[in-house]
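Count along the sequence shown starting at 1, add 302, and that's the number in my numbering. Please read the structure below before turning to the comments.
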Amino acid sequence: MQKGNAEKIFKELTARRCAPRREGELAQKIVSELNDLNLEVKTDGAGEKIGGTTDNLIIETDTRAPKDTLLVAHIDAVKSKKTEPIRSDGFIKNRAEGALGADDLVGVSVILALLRASGGHLPSDLGIIFTVAEEIGLLGASLLPGEYVKRYDHAIVMDGEAPAGTIFYEEPAAGFFAFTLTKRNGGEEMTARQKMLLRRIRHYWEKNDLCVVSHLISGPLPVWEFFQEEILIVGIRGEEISRINSLWQRRIKELQRHFGIKRSDFVSRVLHFCSGYNFESIPPWLSSLKSSLQSTGLDVEFQKSSHISEANKMSQFGLESVNLGMGYSHGHTSREKLDISSLKALEKALYFYTKGSE
């Protein structure tokens with residue numbers, strides 16, 4: 303195989319702005335790269351719906367051909383404004399202060415390296431999606447066009463914070479909700495006191511383990527009719543999707559009792575649900591993926607995850623899905639690092655896997 307050079311691509315991508323809903327600069331870089339390989343990129347309008355600067359990016363060739371594998375990675379990242387990727391003790395680290403952005407620029411880099419290595423050849427049964435706003439509640443993935451995603455048999459999400467060779471085959475059900483305080487006396491903006499209270503609410507939920515994740519973002523979220531300047535996005539997990547909404551309602555009641563707020567003081571809304579996923583047996587495509595990983599010297603380990611990834615969302619669309627460990631650790635922190643040997647192995651493994659599908 304030709305070298306796609308995922309390491310070089312990764313370092314190039316870290317220089318681009320790509321905060322959640324502000325991925326436009328990075329998206330332009332990716333589209334330019336794909337166009338140079340004579341690949342067409344489609345978009346889906348998700349950016350406008352979430353108040354962002356770009357849409358989900360969709361790449362496929364023959365739209366009429368039967369579909370098999372969908373590769374997924376998200377282009378938003380939590381990283382420092384300035385990144386200086388350096389090699390150190392077999393890892394890529396950030397010499398500047400702050401996070402490197404390996405979550406999930408490494409997944410994007412490996413997929414782009416695959417396309418470079420194949421000279422832009424994309425098998426007709428293979429599709430690629432680069433999503434937006436994953437870091438604030440899988441918002442981009444939740445708005446993907448179902449008629450596109452459902453044509454595929456299975457999805458490989460390349461986003462796991464784990465050693466390369468790890469395959470996450472199970473995640474719990476989850477729901478994502480938006481919460482904010484109502485503006486006082488018909489005012490156009492939230493008061494400073496309200497903004498402080500919103501931060502206290504977030505701290506209360508996290509401290510008491512009442513949510514999986516929470517994100518305080520600047521509005522708006524037009525598709526959900528949230529136009530307040532500050533919105534709290536909350537993720538809650540459970541054993542069954544049917545119970546998630548009732549869990550959320552209990553959290554709301556606990557919140558009202560603790561802070562003494564009335565129902566008229568806040569607005570909450572369901573954003574989307576994830577059904578959870580697991581495998582009782584290993585299907586042929588997953589056996590093939592395992593063999594491709596092992597052929598590059600990686601130790602394959604199947605694990606359950608308590609986190610919520612885009613594999614969960616792909617599963618809800620009806621696709622068998624897994625999330626791959628990408629060889630990075632300490633995500634979102636100044637200690638974040640990416641294993642170089644893992645990066646090279648993943649590049650080869652993905653190439654072998656997709657060549658086998660032709």
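Don't be surprised by glycine CBs; every beta carbon is placed ideally from N, CA and C. Computed from a predicted model, the values in this text were never measured in an experiment.
Determine which residues share a DSSP beta bridge with residue i and list them.
i, result
"ALA494", "Answer is none; ALA494 lacks a bridge partner."
"HIS574", "PHE478"
"GLU472", "LYS606"
"PRO387", "ASN396"
"ARG539", "ALA476"
"SER382", "BP columns for SER382 are empty, so no partner."
"TYR579", "GLU473"
"GLY429", "LEU372"
"ASP641", "PHE393"
"SER516", "VAL536"
"ARG324", "ALA321"
"THR345", "LEU359"
"ASN625", "VAL459, PHE470"
"LEU523", "PHE528"
Return the chain-ordered list of same chain residues with a C-beta closer than 6 Å to the C-beta of residue i, the five sequence neighbours on each side being excluded.
i, result
"GLU327", "ARG318, ARG319"
"LEU648", "VAL412, ALA466"
"ALA404", "TYR630, GLU638, LEU640"
"GLU314", "none"
"GLY400", "SER382, SER636"
"ALA651", "SER594, LEU595, THR598"
"LYS615", "LEU440, ALA443, CYS576"
"LEU600", "ALA466, GLY467, ALA647"
"ASP406", "ALA375, HIS376, ASP461"
"LEU417", "LEU339"
"TYR471", "PHE581, PHE604, VAL624"
"LYS384", "ALA398"
Quick check on residue i: buried or exposed, where buried means 16 or more other Cβ atoms within 10 Å of its Cβ?
i, result
"MET492", "buried"
"SER636", "exposed"
"SER644", "buried"
"THR316", "buried"
"ALA494", "exposed"
"PHE312", "buried"
"GLU473", "buried"
"ASN625", "buried"
"GLU362", "buried"
"ILE394", "buried"
"THR371", "buried"
"PRO322", "buried"
"LYS509", "exposed"
"ASN340", "exposed"
"PHE528", "buried"
"ARG486", "exposed"
"GLN330", "exposed"
"GLY392", "exposed"
"GLY306", "buried"
"GLU542", "exposed"
In chain order, what residues of the same chain lie with their CB nearer than 7 Å to the CB of residue i, ignoring the 5 residues before and after it?
i, result
"GLN596", "VAL602"
"PHE481", "LEU534, VAL536, PHE568, SER570"
"ARG397", "GLU386, ILE388"
"ALA364", "Reading the sequence as shown, one finds Asp at residue 364 and not Ala. The residues are SER426."
"LEU483", "MET492, GLN496, LEU499, LEU500, ASP567, PHE568"
"LYS344", "ILE360"
"PRO447", "ASP346"
"PHE654", "SER594, SER597"
"TYR450", "ILE360"
"TRP526", "ALA480, ARG571, LEU573"
"TYR579", "GLU472, GLU473, ALA613, ASN614, SER617, SER623"
Measuring alpha carbon to alpha carbon, tell me which residue in the options is nearest residue i.
i, options, result
"HIS632", "PRO447, VAL380, GLY467", "VAL380"
"ARG501", "LYS485, LEU518, GLN605, SER608", "LEU518"
"ARG366", "PHE575, PRO425, HIS505", "PRO425"
"SER544", "SER577, ILE554, LEU523, ASN340", "SER577"
"GLU247", "SER611, TYR655, SER617, LYS657", "This structure leaves residue 247 out entirely; the chain is present only between 303 and 660."
"GLY540", "LYS555, LEU445, PHE478", "PHE478"
"PHE581", "ASP391, ALA613, GLY448, LYS369", "ALA613"
"ASN358", "SER608, LYS485, VAL459, GLU325", "GLU325"
"LEU588", "SER617, ARG553, ILE458", "ILE458"
"GLY409", "THR656, HIS634, LYS657, GLY627", "GLY627"
"SER607", "GLU309, LEU402, ALA475", "ALA475"
"ARG553", "TYR579, VAL514, TRP526", "VAL514"
"HIS634", "LYS310, LEU402, HIS574", "LEU402"
"LEU336", "THR355, ALA419, ILE563", "ALA419"
Excluding the five sequence neighbours on either side, which residues of its own chain have a C-beta within less than 8 Å of the C-beta of residue i, listed in chain order?
i, result
"LEU506", "According to the sequence displayed, residue 506 carries Tyr and not Leu. The answer, listed in chain order, is LEU512, LEU557, HIS560, PHE561."
"PRO524", "GLU350, LYS351, ILE352, GLY353"
"SER516", "ARG504, TRP507, GLU508, LEU534, ILE535, VAL536, GLY537"
"VAL333", "VAL343, LEU359"
Is the segment 419-432 touching the segment 588-596 in the sense that three or more CB pairs, one from each, lie closer than 8 Å?
-> The segment 588-596 vs the segment 419-432: no contact.
Taking contact to mean at least 3 C-beta pairs separated by less than 8 Å, is the segment 618-630 in contact with the segment 447-454?
-> Enough Cβ pairs lie closer than 8 Å, so yes.
Per the contact definition of three or more C-beta pairs closer than 8 Å, is the segment 540-557 in contact with the segment 409-422?
-> With the cut-off at 8 Å, the segment 409-422 and the segment 540-557 do not touch.
Segment contact flag, the segment 434-444 with the segment 369-379, C-beta cutoff 8 Å, min 3 pairs | Yes, since at least three Cβ pairs between the segment 434-444 and the segment 369-379 fall closer than 8 Å, the two stretches touch.
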